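Going from the sequence shown to this note's numbering is simple: count from 1 and add 160.
The next block holds one structure in the form of structure tokens; read it before the comments.
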Amino acid sequence: MEAIIIGIARSAIRLATPYLYASIGETIGQLSGVLNLGVDGVMLMGAFSAFYTVLKTGNLILGLL
């Protein structure tokens, strides 16, 4: 039972990391007076464009850029 709970906690931390980075970036943006409600959309479009770039070129390094 403990192994299941530990596995769920590890997965939650691993999956929450991109949202943590986005929330830190949004917090810094709000300190400058800019309100960005489309943080999730920006993350989604970035992931889609990276995937599409790797799909078309076959170059993983280019997808990371």
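We put the beta carbon where it would ideally sit given N, CA and C, even for glycine.
Being a predicted model, the structure only gives us computed values, none of them experimental.
Suppose you measure from the CA of residue i to the CA of residue j; what does that come to, to the nearest Å?
i: residue 188; j: residue 181; result: 11 Å
i: residue 222; j: residue 193; result: 33 Å
i: residue 168; j: residue 162; result: 10 Å
i: residue 211; j: residue 183; result: 23 Å
i: residue 197; j: residue 213; result: 26 Å
i: residue 176; j: residue 170; result: 10 Å
i: residue 209; j: residue 216; result: 11 Å
i: residue 165; j: residue 172; result: 11 Å
Going by DSSP in three states, residue i sits in which element: helix, strand or coil?
i: residue 199; result: helix
i: residue 209; result: helix
i: residue 192; result: coil
Would you mind giving the Cβ-Cβ distance between residue i and residue j, rounded to the nearest angstrom? I have them listed as a contact below 8 Å.
i: residue 203; j: residue 178; result: 6 Å
Report the option in the options whose CA atom is closest to the CA atom of residue i.
i: residue 207; options: 191, 224, 198; result: 224
i: residue 185; options: 214, 200, 165; result: 200
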